[in-house]
Every structure is written in C-alpha cells, then in structure tokens.
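These notes concern the structure reproduced below.
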Amino acid sequence: MRTLRSVVRGCGSYLPPRMVSNAELEGLVDTSDEWIVQRTGIRARHIAGEGETTSTLGIAAARAALADAGLTADDIDLVVCATSTPDHTFPSTATMIQAGLGMHHGAAFDVQAVCTGFVYAISVADKFIRAGEARRALVVGAETFSRILDWEDRTTCVLFGDGAGAVVLEAQEGEGTSADRGVLAAKLRSDGRYREKLYVDGGPGSTKTTGHLRMEGREVFRFAVGMVTDVVEAVFEATGTSADELSWFVPHQANKRIIDASADKLGIAREKVVITVDRHGNTSAASIPLALDAAVKDGRVKKGDLVMIEAIGGGFTWGAALIRW
Ligand code: UT7
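Sequential numbering of the sequence shown, starting at 1, is according to the working numbering.
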C-alpha cells in the first residue's frame with residue numbers, strides 16, 4: 001500500500017572546537033585516564049566555549065544538514081529540537097535555531113526526553129510528515145551538558161560532552177514495506193518511577209535555579225541493556241526485520257560497555273556498531289545525530305542502508321527507530 005515516508009535527505013553536525021582529554025580532567029577531580037577508559041570507553045569530549053550555547057551549536061549543525069541536503073531554510077516547514085539544556089527556560093531552543101537560520105514561517109518546538117530526545121524528535125517529526133502536516137522537517141539534537149555538570153563530582157563530570165547534530169527529513173512516497181527508504185518504525189517508552197536515578201536537582205518550578213545533573217550510574221547501567229534491547233526487538237517485530245538485515249547500529253553514546261552488551265544481546269556484529277563515545281563522551285540528545293553524521297561522512301552509512309538508532313535516558317525514557325537511509 002502506497003504510504004508517505006520521512007526520508008533522510010541530509011545530515012550535519014557541529015562540535016565546539018575545545019577538546020578536553022581525560023588527562024586534563026585528572027587535574028580537576030580525583031580520577032584517572034585508566035578508570036575513565038576502562039569503565040566508559042571515553043578518551044575525550046568537546047566543551048562549549050564562551051559565547052557558544054545550545055542554540056549556536058544547533059544552528060551550526062542545522063546549516064551543515066541543510067547544505068548536505070542541498071536545501072535552504074525556505075524549504076523547511078518544521079523544526080524539532082531535542083535538548084535538555086536549552087539556552088533559556090523559554091523560548092524553545094528550536095525557535096532560536098529557526099531565527100538563526102533566518103526562517104520566519106512554519107513551526108518550531110523542543111522535545112525533552114534527555115538522552116532519548118533525538119529518537120523522540122525523529123518519531124514526532126515522522127508523524128507530522130506522514131500526517132501531511134509538514135513536507136520537510138529539520139530534526140536537531142543539541143546539548144551543552146557541561147553547563148549542568150557539577151565539576152566537583154567525579155562520578156558524573158567525566159562522562160559528558162557538548163555538541164549538536166541534525167537531519168533533514170523529507171516526505172516521499174513509499175510502498176509501505178521495509179524496502180522503503182525513510183523512517184520505517186519508531187517505538188518510544190518511559191517510566192517516571194525511575195526519575196530519581198538520573199535527574200537535575202533544580203528547575204524553574206522547584207528551586208528557581210538551573211541545578212546540576214545527578215545520577216546513580218550503577219543503577220542506570222543495571223536497567224539500560226534490558227530496556228534498550230526490548231525496544232529494539234519491538235521495532236524489529238513491527239517492521240518484520242531482524243538483526244541480520246541491519247547495516248548499522250547507531251546507539252546512544254553513553255558508555256562503550258552498555259553499547260557492546262546491547263549489541264551482543266541483540267546478535268548484532270560488533271563491526272556494524274558505530275562508536276563515537278571515545279571522542280565525544282555522552283552528548284545526550286546530540287549523540288545519535290553526531291554518530292550518524294560521522295558514519296555518513298566517513299562513507300560507512302550509505303543510501304539504502306538499514307540503520308537502527310536507540311537510546312535510554314533520564315525519566316527513564318527509552319526508544320528505538322529503524323531508518324532505511
Ligand atoms: O546517557 C544516559 C544514560 N546514562 C548512562 O548510561 C550511564 C550508565 N552508567 C555508567 O555508565 C556507569 O555506571 C558509570 C560509568 C557511571 C560508572 O561505572 P561503574 O562501573 O558502574 O562504577 P561504579 O559507579 O560502580 O563505581 C566504581 C568505583 C567507586 O568506588 P568504590 O565505591 O568502588 O570505592 C566509585 O567511587 O569507581 C569510583 N569512581 C571513580 N573513580 C575514578 C566513580 N567515578 C570515578 C571516576 N574516577 N571518575
């Protein structure tokens with residue numbers, strides 16, 4: 001049955017120039033390069049400088065994605081930005097990106113699902129496109145987690161980084177089968193009972209401050225593999241596809257051990273797994289579009305490839321989406 005699909009027309013990303021190594025963090029908190037690499041796989045992360053904000057990173061990534069798609073902001077009618085570190089409580093970062101692109105039409109809003117934000121944003125934009133409400137959507141994941149870290153807490157400050165990534169989705173007709181290009185299925189989950197395992201201890205409606213990230217890392221780790229593998233299996237089932245057919249697995253980049261364990265449990269060969277956590281750290285909602293863009297630009301992800309994205313984050317929220325590139 002012919003159906004509308006949201007096809008990826010282009011992608012882009014942006015990382016702030018300042019790269020911070022594990023060795024540099026050894027001078028800040030009681031940690032070691034050996035501990036960070038062994039427990040997480042992280043070797044370095046990028047940190048936003050003065051004058052850089054989530055929206056400026058997002059605008060740079062959006063411009064790169066538009067250029068890659070051969071389009072301008074005039075061609076876009078929806079901007080969805082996934083972020084948990086907005087420049088301001090309001091207006092949304094999406095409207096700031098919209099303005100930064102010189103776009104005065106269409107609609108723009110943020111989606112907040114912490115590290116799962118990009119999967120949520122893709123799912124939302126896909127629904128607008130398939131409902132005929134938007135023709136081309138810019139989906140951005142942008143974060144400056146460095147601004148909400150407690151730089152005296154070694155259990156969290158070594159884990160995160162800043163950056164942004166974006167894709168342009170375009171309505172195209174498909175046959176309604178898994179051979180179509182575009183977003184084939186997305187499954188979203190959340191369970192607020194786990195909200196205190198990963199949260200920010202401030203906010204406008206509670207403390208009237210921004211607050212700092214707090215995480216029971218071991219607890220998050222305990223749930224992560226089971227939750228993401230369940231939701232990935234649900235996407236395989238919904239699309240009638242299997243791990244063998246996947247070209248690339250592009251997971252949220254929080255911890256190499258979680259990524260490896262998830263891939264192994266799903267029966268996905270390690271050489272199909274895209275890893276950027278070693279050089280980006282955990283950039284929350286930006287991690288998947290940053291990893292996608294890296295794998296497209298180095299020639300791994302090509303037109304027609306079957307790509308699974310997945311994430312788990314604060315809330316807990318978790319989700320997965322299957323995209324034929
Ligand atoms: O993106 C959203 C989702 N978030 C995640 O997926 C994060 C999930 N969790 C993790 O990635 C891991 O749990 C961590 C990397 C956060 C921690 O690794 P772990 O193997 O679970 O370590 P742990 O928390 O059990 O800590 C082991 C030890 C502790 O010392 P004791 O109590 O055994 O003496 C910590 O105090 O390591 C200590 N430790 C550190 N040591 C050196 C904690 N942080 C550090 C550090 N440097 N930075």
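Backbone N, C-alpha and C define an ideal beta-carbon position, used for all residues, glycine too. Since the structure is predicted, the reported quantities are computational estimates derived from the model, not experimental observations.
Per DSSP, the unbroken alpha helix (DSSP H) holding Trp35 starts and ends at Asp33 to Thr40.
Around the beta carbon of Pro289, a 10 Å sphere encloses 16 or more other beta carbons of the protein chains shown; the residue is thus reported as buried.
Distance from the CA of Trp325 to the CA of Asp180, rounded to the nearest whole angstrom, comes to 9 Å. As summarised for the region 214 to 271, the continuous alpha helix (DSSP H) elements at least 4 residues long and confined to that stretch are 217 to 239 and 256 to 266, given in chain order. Looking at Gln112, Leu188, Thr3 and Ala62, the one whose alpha-carbon comes closest to that of Gly12 is Ala62.
Put simply, the backbone Cα of Glu143 is about 8 Å away from that of Leu57. Closer than 7 Å to some heavy atom of the ligand UT7: that does not describe the Cβ of Gly117. Scanning Arg9, Asn22 and Val111 for the CA closest to the CA of Ala65 turns up Arg9. The ligand UT7 has no heavy atom closer than 7 Å to the beta-carbon of Asn22. Excluding five sequence positions before and after Phe128, the CB atoms of its chain that fall closer than 7 Å to its own CB belong to Leu78, Ala134 and Ala137, given in chain order. Considered as a whole, the region 61 to 138 harbours 93 to 100 and 117 to 130 as its complete alpha helix (DSSP H) runs of no fewer than 4 residues, in chain order. Here Ser287 is not near Leu169, since their CB atoms are 8 Å or more apart.
With fewer than 16 neighbouring CB atoms inside 10 Å of its own CB, Ala131 falls in the exposed class. Taking C-beta atoms as the reference points, Val80 and Ala125 count as a pair closer than 8 Å. Remark: the C-beta of Gly217 is in contact range of the ligand UT7, defined as less than 7 Å to any heavy atom.
Of the candidates Thr31, Arg39 and Asp33, the residue whose Cα lies closest to the Cα of Ile258 is Arg39.
Looking from the CA of Val273, the closest CA among Asp153, Leu306, Gly174 and Asp191 belongs to Leu306. A straight-line Cα-Cα distance of about 16 Å links Gly211 and Thr155.
Rounded to whole angstroms, the separation of the alpha carbons of Ala23 and Met96 is 35 Å. For Thr156, the enclosing alpha helix (DSSP H) starts and ends at Arg154 to Cys157.
For Ala48, the three-state secondary structure derived from DSSP is coil. Beta-bridge annotation (DSSP): Lys187 is paired with Ala320. Within the model, the alpha-carbon separation for Asp244 versus His88 is close to 44 Å.
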